[in-house]
Amino acid sequence: MDGVTGLSGSGPAYVYMFIEALADAGVREGLPRELALKLAAQTVYGASKMVLCGDTHPAALRNDVESPGGTTIEATTTLEKCGFRSAVISAVRAATQRVKSLTK
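So for the sequence shown, UniProt numbering puts the first residue at 1; every next one is plus one.
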């Protein structure tokens, strides 16, 4: 059950950070902050609905929007090179380890 806390209990904070980062990137690219925040939140909402309402694995959904040589594959490759997946896994591990130490 400690893993539930690490994943789901702390998970909203991870998602909020991701939305914040997406919005910040949008602002950096010239979007007004309010619009960037709405677009980022709607993007996360829509992607979450696709995972929850269907039976397609998230990797397959990602592959569906990654056109060869396109903008999305360039972006996701950059995320992987920058350690996105590893950072998320490490964060869940850290939260799980922390809850274990708190319940001793």
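No residue lacks a Cβ here, since even glycine has one placed at the ideal position from N, Cα and C.
Annotation: A75 to L22 spans about 12 Å, alpha carbon to alpha carbon. Taking every protein chain shown into account, the CB of G26 has 16 or more other CB atoms within 10 angstroms, so this residue is buried. Residues A40, A41 and V44 of the same chain have their beta carbon placed closer than 7 Å to that of I19, with the five preceding and five following residues left out of the count. Distances from the alpha-carbon of A47 to those of A87, V15 and R98 put V15 closest. In terms of Cβ geometry, T96 and G11 do not form a close pair [threshold 8 Å].
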